[in-house]
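Notes to accompany the following structure.
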Amino acid sequence: MSTRQHEMQPSRTARRRGTTPAGAALVVLAVGQVVAGGLVSLADSPLMQPDRPGEPAITPPGYAFAIWGVIELLSLGLALWLPWFRRRAEEAGVAVVDALTRALLVVFAGFSVWLVASVAEPVWATLAVFLVMGVALVLGLSVAVRGRGEIASWSPLGRALVWGTLGLYAGWSTVAIWLNLTTALAFSGAPVSGTPGVVGQLAVLAGATATAVVVLLRTRGLLPYAAAVAWALVGATLGAAGAGQPLLAVAAAVGLVVVLATTAVLRLRRAQRPARA
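Residue numbers (our numbering): 152 to 428.
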């Protein structure tokens, strides 16, 4: 084939790339997150009522949950960007996109199921769904970490959407899963005050902090993840202080310091290497 004939041929990458069913479903589910969030906010769900009486002291104030709006918008942006990028990507990029898409399909679907569960059965069903979402988020972060070199070659917008969505989603969910456990126990009749209640919430704060440190180590101090965890722990600190539980407020603040210190150390280490995320 002559050079001119070769130039006239469409690229193999462009010819065989198209929107996959998984990519289309991701967009639908991302839109569904936004719609479901708006609809459930109008429903009479105990879980969705901010600052409700009888909740654990470490529950953040109602305004802290506004982070969900940011997460939903980032998720929608990423869901739109991934199929667009996939049509132009090389094989290595396609593999990362497809793996991310599979993990995010579970996360986005789980979010809407979680909101429905908050109305239908807000005690233990919401925790079970959140745990499934958490596993999928860990898988998504693992894909991104393994594909860090590939993602580093993507556009600034693509990198920001990938790391921002995964980081904020996973960071907030890390603390939210633990807090959902506390709320489920409280709804089931477990004490939220007195020595048993305080000890239980101290254990939850320790578990959330330890989980966050492990994820930070695996992601080498991913800033969006650290920011979301920090936001949640600030909320827990303010919630405990407002509930008149200084010990819990101090414990949440200590967790916040541990997360920030861990992030700072890991970022300093990364500064000595070529930045990739």
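Positions of the beta carbon are idealized from the N, C-alpha and C atoms, including for glycine. Note that the structure is predicted; figures quoted are calculated from it, not measured.
Exercise. Taking the CB atoms as reference points, tell me whether leucine 177 and alanine 243 lie closer together than 8 Å.
Key: As a position in the sequence shown, residue 177 is number 26, starting the count at 1. As a position in the sequence shown, residue 243 is number 92, starting the count at 1. Cβ distance not < 8 Å, so leucine 177 and alanine 243 don't count as in contact.
Quiz prompt | Outcome for alanine 268 when other beta-carbon atoms lying within 10 angstroms are tallied against a minimum of 16 | solution = Your numbering for residue 268 matches position 117 in the sequence shown. Around the C-beta of alanine 268, 16 or more other C-beta atoms lie within 10 Å, and the residue is accordingly described as buried.
Quiz item: Is the CB-CB distance between leucine 407 and valine 349 below 8 Å?
Solution: Taking the first residue of the sequence shown as 1, we reach residue 407 at position 256. Taking the first residue of the sequence shown as 1, we reach residue 349 at position 198. Their beta carbons are not under 8 Å apart, which means leucine 407 does not touch valine 349 by this criterion.
Practice problem: Apply the 10 Å Cβ neighbour rule to tyrosine 214 and answer buried if 16 or more other Cβ atoms are within range, or exposed otherwise. | Solution: One-based indexing of the sequence shown puts residue 214 at position 63. Answer is exposed; the Cβ neighbour count stays below 16.
Self-check item: Alpha-carbon spacing of valine 326 relative to glutamine 423, whole angstroms
Solution: If you number the sequence shown from 1, residue 326 lands on position 175. If you number the sequence shown from 1, residue 423 lands on position 272. Each residue's alpha carbon lies about 30 Å from the other.
Quiz item: Going by C-alpha distance, which of Gln396, Ser226, Asp249 and Leu353 is nearest arginine 237?
Solution: As a working note, residue 237 is residue 86 in the sequence shown. The shortest Cα separation from arginine 237 among Gln396, Ser226, Asp249 and Leu353 belongs to Asp249.
Quiz item: Do the CB positions of tryptophan 323 and alanine 400 come within less than 8 Å of each other?
Solution: The residue given as residue 323 occupies position 172 in the sequence shown. The residue given as residue 400 occupies position 249 in the sequence shown. Not in contact: tryptophan 323 and alanine 400 (Cβ atoms no closer than 8 Å).
Quiz item: In chain order, which continuous runs of the alpha helix (DSSP H) of length 4 or greater are located wholly inside the stretch 331-370?
Solution: Taking only runs of at least 4 residues, the alpha helix (DSSP H) segments lying wholly in the stretch 331-370 are 345-370.
Exercise. With DSSP collapsed to three states, give me the class of glutamine 396.
Key: Position 245 of the sequence shown, counted from the first residue, corresponds to residue 396. Residue state, collapsed to three classes: coil.
Quiz prompt | Extent of the continuous alpha helix (DSSP H) run through glutamate 241 | solution = Working through the sequence shown from its first residue, we reach residue 241 at position 90. For glutamate 241, there is no enclosing alpha helix (DSSP H), as DSSP marks it with neither H nor E.
Quiz item: Which class does tryptophan 275 belong to by DSSP, given the choice of helix, strand or coil?
Solution: Start at 1 with the first residue of the sequence shown, and residue 275 comes out as number 124. Tryptophan 275 falls in the coil class under three-state DSSP.
Quiz item: The alpha helix (DSSP H) with glutamate 301 in it runs from where to where?
Solution: Within the sequence shown, the letter at position 150 stands for residue 301. Run containing glutamate 301: 299-302, per the alpha helix (DSSP H) assignment.
Practice problem: Can you tell me the Cβ-Cβ gap for serine 390 and threonine 210, rounded? I've got them flagged as a contact below 8 Å. | Solution: Along the sequence shown, read from residue 1 onward, the residue named residue 390 stands at position 239. Along the sequence shown, read from residue 1 onward, the residue named residue 210 stands at position 59. First, the residue type needs correcting, since residue 390 is glycine and not serine in the sequence shown. For a cut-off of 8 Å, the C-beta gap from glycine 390 to threonine 210 is around 5 Å, short enough to register as a contact.
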